[in-house]
Amino acid sequence: MAINWFPGHMHKARKEIKQVMPQMDLIIEVLDARIPFSSENPLVPALRGDKPVIKVLNKRDLADPEITERWQTWLERERGVRTITLTHNQRHEALGILELAQEMTPDHDLQKSALRVMILGIPNVGKSTIINTLAGRPVAKTGNEPAVTRAQQAIKLPDNILLYDTPGFLWPKLSPEASGYRLAVSGAIRSAVLDFEDIALFEADYLIQAYPELVQARYGVNPLPEDGLGLMDAIAAKRRFFGRGGIPDLHKVSEVLLNEFRSGTLGQISLETPEMVEQELAEAEREAAEKAAQKAAQKDVKRKKKDRTGKR
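Positions 23 to 334 (the numbering used here) are the ones given, in order, by the sequence shown.
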């Protein structure tokens, strides 16, 4: 199932961000530490140009710490990019963002004008919570559902920094396909547009491969099933989630898997690694090249057929 979610307000947000971007001195992009690549909006580089950017890997406490370190190294390969990791509601850590912002804009005189900083992030990465932590007061609406922020606002911060909050927005086509699934598992896509069982099956397949010990510790499944569907059936049996006729209630199992991942009950889990993503990107590039070659060949066949028909 291809997963996409790009409602009208997100299209509007992108247009508004593009209009005010030239006025900004620096960009803060909030990412989900469990999925740094999948939560990194591919539209942002074109919008920000060569402006310096701080990538905040939020929800650090929910992610695999060793993999998070590898992601920081991977992200900072790009020129003008620095990273910082955060966990929930730690103001002294969050204020490190403002210190880093000033360090990355050494030519800006804060005595003469405010440092204009735009904060971006896809839905449900914790952007509004970070803003409230930085401001020391509730200035941005927060919630467990994605896409809570619907309009831009400017917020005055310490040290003459003016922070521009923006609505979270995704992009029209989520690619690679696995990134759409990871976003769905993390809670970045509104539940109403998802097939819970399909998303949970993706998660279950990954957990068996990447975190078998955590799965066994949490669900008491021993031996571990060979695939995600087997794991879901085993959880249904352990927790007595059955429907009519003794059929496993996979919807209930799906809710458990997704909720316990999102809350951190399962443990510190990252859904992607730099090496995994590089392999997926290479595969996507190869598939795109094959499709382009097939399309060109089909056009060539049509052209030759048209030429033969014309000669007659």
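We put the CB at the ideal spot given by N, CA and C, even for glycine.
CB of residue i within 7 Å of CB of residue j, strictly
i: K149; j: V75; result: no
i: S285; j: D86; result: no
i: L236; j: L156; result: no
i: E294; j: I57; result: yes
i: E90; j: A136; result: Per the sequence shown, residue 90 should be read as Thr rather than Glu. No. Outside cutoff.
i: N146; j: G209; result: yes
i: T109; j: L142; result: no
i: A222; j: S276; result: yes
i: P296; j: W96; result: yes
6 Å Cβ shell around residue i - same chain, five flanking residues per side excluded
i: L272; result: E219 and M254
i: M140; result: M46, I49 and Y186
i: F224; result: Y203
i: R240; result: L288
The ligand GTP heavy atom lying under 6 Å from the CB of residue i
i: M254; result: As far as ligands go, the structure on display features none, and thus does not contain the ligand GTP.
Backbone secondary structure at residue i - three-state DSSP
i: R204; result: helix
i: V78; result: strand
i: L132; result: coil
i: K73; result: coil
i: Q175; result: strand
i: V170; result: The predicted model places V170 with a pLDDT of 44, which falls under 50 and marks its position as unreliable; any figure quoted below should be read in that light. Coil at V170, not helix or strand.
i: K40; result: helix
i: K321; result: helix
i: P64; result: coil
i: F283; result: helix
i: G30; result: Below a pLDDT of 50, predicted positions are generally treated as unreliable, and G30, at 47, falls in that range; the measurement from the model is reported next regardless. Helix.
i: F263; result: coil
i: P58; result: coil
Same chain only: Cβ atoms within 8 Å of residue i, ignoring 5 sequence neighbours per side
i: L122; result: I76, R104 and I106
i: A315; result: none
Span of the beta strand (DSSP E), counted from its first residue to its last, around residue i
i: T107; result: V103 to T107
i: Y186; result: I183 to D187
i: V52; result: L48 to D54
N- and C-terminal bounds of the alpha helix (DSSP H) containing residue i
i: V139; result: Counting along the chain, V139 falls outside any alpha helix (DSSP H), though it belongs to the beta strand (DSSP E) covering L137 to G143.
i: Q94; result: P87 to L97
i: P247; result: Note, P247: premise wrong, no alpha helix (DSSP H); not H, not E.
i: E125; result: R113 to M126
i: P234; result: P234 to Y241
Original post:
Are at least three pairs of beta-carbons, each pair with one atom in the region 304 to 314 and one in the region 102 to 113, less than 8 Å apart?
Top reply: no
**OP:** Count the C-beta pairs between the region 251 to 267 and the region 289 to 302 that are closer than 8 Å, then say yes if the count reaches three, no if not.
**Re:** no
Original post:
Pairing CB atoms from the region 257 to 268 with CB atoms from the region 199 to 212, are three or more of them under 8 Å?
Top reply: no
Subject >> Segment contact, 8 Å Cβ cut-off, at least three pairs: the region 222 to 230 with the region 177 to 186 >> reply: no
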